[in-house]
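Heads up: the sequence shown at position 115 corresponds to 747 in my numbering, and the numbers run straight through without jumps.
Yeah, the Cβ is synthetic: ideal placement off N, Cα and C, and Gly gets one too.
Structure first, commentary second.
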Amino acid sequence: MINLAKAVLAVMGEVENIEKGMTVGSGNNTYKGVSDKDVKLKIGRAMQKHGLCLLPISVDETTQIDRWEETNQFGTKQKQSVFTKVSTKYLLLHVSGESQELAGYGQGVDPQDKAAGKATTYALKYTLLYTFLVPTGDIDDADKHHSDSIPMPAKAVLLPVSDVEAVALINAASTIADLQTAWSALSKSEQNLPTVLAAKEALKNKFKIELPK
Numbered sequence: 633m634i635n636l637a638k639a640v641l642a643v644m645g646e647v648e649n650i651e652k653g654m655t656v657g658s659g660n661n662t663y664k665g666v667s668d669k670d671v672k673l674k675i676g677r678a679m680q681k682h683g684l685c686l687l688p689i690s691v692d693e694t695t696q697i698d699r700w701e702e703t704n705q706f707g708t709k710q711k712q713s714v715f716t717k718v719s720t721k722y723l724l725l726h727v728s729g730e731s732q733e734l735a736g737y738g739q740g741v742d743p744q745d746k747a748a749g750k751a752t753t754y755a756l757k758y759t760l761l762y763t764f765l766v767p768t769g770d771i772d773d774a775d776k777h778h779s780d781s782i783p784m785p786a787k788a789v790l791l792p793v794s795d796v797e798a799v800a801l802i803n804a805a806s807t808i809a810d811l812q813t814a815w816s817a818l819s820k821s822e823q824n825l826p827t828v829l830a831a832k833e834a835l836k837n838k839f840k841i842e843l844p845k
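So this is what it looks like as structure tokens:
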């Protein structure tokens with residue numbers, strides 16, 4: 633597959649870096665990311681120039697839907713969170729007829745019907761970035777600082793990765809200030825988990841405080 637390899641190397645040489653021009657999240661949880669549009673434009677143009685195309689072959693999808701009721705002063709509303717993960721396969725094809733199968737993975741969360749789109753978009757974006765080894769942002773941003781040189785904060789709240797850890801974080805609060813800090817550390821999807829909502833309500837009644845929505 634000499635022709636395919638040469639074309640891949642040519643794209644790698646042409647697309648040396650993609651800037652992180654997209655802001656993801658809000659508040660203290662914001663971070664810079666590379667947009668799907670920038671990846672498709674820059675890598676796609678280079679692929680076209682060097683006789684390459686990427687064809688989707690299959691998508692293996694798993695979806696989990698959590699539903700619960702949330703009550704406030706305006707009444708009770710039905711809420712849901714849709715989590716989708718996909719394993720994808722693509723065919724990287726060269727005009728010479730040479731080809732190579734590629735694999736991708738993505739996941740997405742949405743309260744409505746966009747989880748699948750988010751998951752497949754993520755899978756394609758990172759398949760392209762990893763296939764052509766395209767760095768994003770500052771080329772040396774992963775190695776700019778040694779971890780030993782970064783001071784450890786005196787007190788930090790770790791973001792939970794499961795409902796068990798999220799509930800434990802809430803239940804560990806012993807003061808109103810601790811409860812507010814723990815609640816702020818949770819993501820929206822974690823705040824909407826039924827077990828987390830129940831733990832919040834219990835402590836809210838205990839401290840007689842209305843947490844921000």
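Just measuring C-alpha positions, the residue of Asn803, Pro688, Ser728 sitting nearest Ala735 is Pro688. Assignment of Pro688 by DSSP, reduced to helix, strand and coil, places it in the strand class.
Where Asp742 is concerned, the enclosing beta strand (DSSP E) starts and stops at 731 to 742. A straight-line Cα-Cα distance of about 14 Å links Asn649 and Gly676. Checking the DSSP bridge columns, you'll see Gly707 partnered with Asn704. According to the DSSP assignment, Gly665 belongs to no alpha helix (DSSP H) but to the beta strand (DSSP E) extending over 663 to 665. When Cβ pairs closer than 8 Å are counted between the two stretches, the region 678 to 686 is seen to touch the region 634 to 649, the count reaching three or more. DSSP places Asp670 in the helix class (H, G or I) of the three-state scheme. Boundaries of the alpha helix (DSSP H) around Met644: 634 to 646. In terms of Cα proximity to Gln739, the closest of Gln732, Ser731, Asp745, Lys750 is Lys750. Pairing Leu723 with Leu673, the inter-Cα distance amounts to about 19 Å. A check of alpha carbon separations from Gly645 across Ala830, Val799, Leu765 identifies Leu765 as the nearest. Residue environment analysis places Thr655 among the exposed positions, since fewer than 16 neighbouring C-beta atoms fall within 10 angstroms of its C-beta. A residue is called buried when at least 16 other Cβ atoms come within 10 angstroms of its Cβ; Ala831 meets this threshold and is buried. Taking C-beta separations shorter than 7 Å and ignoring five residues to either side along the sequence, the partners of Asn803 in its chain run Ala831, following chain order. Per DSSP, the beta bridge partners of Val656 are Tyr663.
Counting of Cβ neighbours within 10 angstroms places Glu651 among the exposed residues, the total staying below 16. DSSP places Asp698 in the strand class (E or B) of the three-state scheme.
When Cβ pairs closer than 8 Å are counted between the two stretches, the region 694 to 714 is seen not to touch the region 664 to 672, the count staying below three.
One alpha carbon belongs to Ala817, the other to Glu730, and they sit about 49 Å apart.
Here DSSP, grouped into helix, strand and coil, assigns Thr807 to coil.
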